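Chemist: What follows is a structure written as structure tokens; I'll ask about it next.
Numbering (our numbering), first residue to last: 6 to 236.
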């Protein structure tokens, strides 16, 4: 999953792929019910993925990721090609943020504390409530707050920026690249370059925004299922 999302992002996809495929969808560090981390480095995210596969005794798997998760997936494959049988990259760029900007700067204006009730915390969100009410969860102590810390997301976004072409082109397993054409973050020109520079990569474009799995769940699941049938 991407920044500010969690493993439940894939509940619909898992239902649509069952019973042919087992979908394991973790909450990445600092998201959902996973603990906050000391850092949000590339090394940290990839070590978490390796630890998960080892814990589940999975020698190999198909890796599917969205945005942050997509970059984590293909960078993991670049370092452990023997463990990844195929890649599904939803809106994960091969290069991003090279101008130094941070598109998640807005999260620093979101509340980082908690409230006694869900309603009270949603009220604190103000204009962000329409988009982030679903991210409000109850904590073990009974209070309510976001399932992520805004500052963590801001820092993590900065650390995922960079030129990752070497990682994207490092593997030759089958790959599916999914791009949203109506407000996605992956530019059309870069998506085509990602296909041209990496043999065995198929491009599917969906007429939706960055959140392809949520806003076109049928189209996304169909693309994933059709690709998996060829693996």
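C-beta atoms are modelled at their ideal positions from N, C-alpha and C, and glycine is treated no differently. Keep in mind that this is a model prediction, so the values were computed, not measured.
(1) Going by DSSP in three states, residue 223 sits in which element: helix, strand or coil?
(2) Kindly indicate which three-state DSSP category residue 143 falls into: helix, strand or coil?
(3) Do residue 49 and residue 27 come within 8 Å of each other at the CB atom, strictly closer than that value?
(4) Assign residue 145 to buried or exposed, taking buried as 16 or more other Cβ atoms, counted over all protein chains shown, within 10 Å of its Cβ.
(5) Buried or exposed: where does residue 29 fall if 16 or more other Cβ atoms within 10 Å of its Cβ makes it buried?
(6) Applying the criterion that 16 or more other CB atoms from any shown protein chain within 10 Å of the CB defines a buried residue, is residue 62 buried or exposed?
(7) Whole angstroms are fine: how far does the CA of residue 110 sit from the CA of residue 181?
(8) So what does DSSP say about residue 26, is it helix, strand or coil?
(9) Determine the DSSP secondary structure at residue 114, reduced to helix, strand or coil.
(10) May I have a chain-ordered list of the alpha helix (DSSP H) segments no shorter than 4 residues that lie completely inside the region 60-123?
(11) Please determine if the region 106-126 and the region 150-166 are in contact, where contact requires at least 3 C-beta pairs separated by less than 8 Å.
Modeler: So, to answer that:
(1) Reduced to three states, the DSSP call for residue 223 is helix.
(2) Three-state DSSP puts residue 143 in a strand.
(3) Not in contact: residue 27 and residue 49 (Cβ atoms no closer than 8 Å).
(4) With a threshold of 16 other beta carbon atoms within 10 Å, residue 145 falls short and is exposed.
(5) Around the beta carbon of residue 29, fewer than 16 other beta carbons lie within 10 angstroms, which makes this residue exposed.
(6) With fewer than 16 neighbouring CB atoms inside 10 Å of its own CB, residue 62 falls in the exposed class.
(7) Each residue's Cα considered, the two are about 30 Å apart.
(8) Here residue 26 carries a coil assignment [DSSP, helix/strand/coil].
(9) DSSP, reduced to helix, strand and coil, places residue 114 within a helical segment of the structure shown.
(10) Those alpha helix (DSSP H) runs which fall completely within the region 60-123 and span 4+ residues are 73-84.
(11) With the cut-off at 8 Å, the region 106-126 and the region 150-166 touch.
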